[in-house]
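*Asks:*
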Amino acid sequence: MPSEYGRPQIQPSPQKRPHSYGLPCMPPANRRQQFQQFAQQTPYGSLAAVENEAVDTKLYKPVQPDTSLKILTATIEGMKHWSQYKKDIPLIFEIYAHLDSAISSTPDNLGKTFEMKDCKQRILCTFYEIDRPLPRLIRGQLLRCVGSLNNDGTTFKCVSVRPALDLEKKVIQQNIAAADRSMRKIVAQIKKSQL
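Basically this note's numbering = 1-based index in the sequence shown + 1.
#1: If you run the structure through DSSP and keep just helix, strand and coil, what is Ile124?
#2: For Ala165 and Gly141, I'd like the C-alpha separation in whole angstroms.
#3: Given a threshold of 16 other Cβ atoms within 10 Å of its Cβ, counted over all protein chains shown, does Gly154 qualify as buried or as exposed?
#4: Just to confirm the assignment, what range does the beta strand (DSSP E) spanning Ile96 have?
#5: In whole angstroms, give me the CA-to-CA distance for Thr107 and Leu196.
#6: Considering only the beta carbon of each residue, do Leu100 and Met117 sit closer than 8 Å?
#7: Buried or exposed: Met184, going by 16 or more other Cβ atoms within 10 Å of its Cβ?
#8: Report all residues from its chain with a CB closer than 6 Å to the CB of Ile104; omit the five preceding and five following residues, and keep chain order.
#9: May I have the straight-line CA-CA distance separating Tyr97 from Cys120, to the nearest angstrom?
#10: Please list the terminal residues of the continuous beta strand (DSSP E) segment that includes Arg185.
#11: Tell me, please, which residues DSSP counts as bridged to Tyr199.
#12: In whole angstroms, what separates the C-alpha of Leu143 from that of Val162?
#13: Rounded to whole angstroms, how far is the Cβ of Thr125 from the Cβ of Thr156, which I believe are closer than 8 Å?
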């Protein structure tokens with residue numbers, strides 16, 4: 002039978018066409034039978050029996066809060082506040098503050114100490130030159146320091162110190178706000194899970 006464009010239309014053959022694997026196409030009923038036979042051969046018996054088992058809700062625990070390592074951008078005040086949760090969540094802080102003192106050696110001459118100051122607070126920082134020297138820093142310069150607050154909350158142990166980049170200076174406040182929002186959610190989850 003010719004089509005409207007003058008070409009003959011190809012009629013599908015009434016015989017079964019093979020799959021790409023060489024297996025004949027089966028009607029849905031045959032596939033269902035094959036699946037049911039397979040399901041009965043599973044080591045757990047029939048899948049219907051597994052599906053119909055009663056679910057014991059006592060076996061399921063509530064979702065635990067995410068306690069993976071968090072790297073937070075914070076102010077000095079924010080760092081002191083969030084560090085009270087470091088027994089529940091491992092925390093590393095990224096702070097941006099101005100160098101407010103001369104750089105001096107630690108009493109054991111193994112590291113360098115200096116003070117940093119942001120808008121509201123100041124903190125004593127320690128950097129140990131284990132794998133790299135402390136870069137040349139200028140008083141009043143905005144620095145990016147990454148590290149952790151010691152247990153008494155008086156010294157910030159830095160693992161990375163460098164001058165802040167221009168791009169970082171533009172997004173400091175947004176990063177601090179985002180870190181605060183996420184920490185509030187995590188702390189709420191922790192308090193909820195401890196009830």
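Glycine included, each C-beta is placed from N, C-alpha and C at the ideal position.
*Replies:* In this structure, then:
#1: strand
#2: 12 Å
#3: exposed
#4: Leu92 to Leu100
#5: 44 Å
#6: yes
#7: buried
#8: Lys113 and Phe115
#9: 10 Å
#10: Per DSSP, Arg185 belongs to no beta strand (DSSP E); it is in the alpha helix (DSSP H), Asp167 to Ser194.
#11: As shown, the chain starts at 2 and ends at 196. That puts residue 199 outside it, with no answer to give.
#12: 11 Å
#13: In the sequence on display, residue 125 carries Leu and not Thr. Yes, Leu125 and Thr156 are in contact; Cβ-Cβ is about 5 Å, under 8 Å.
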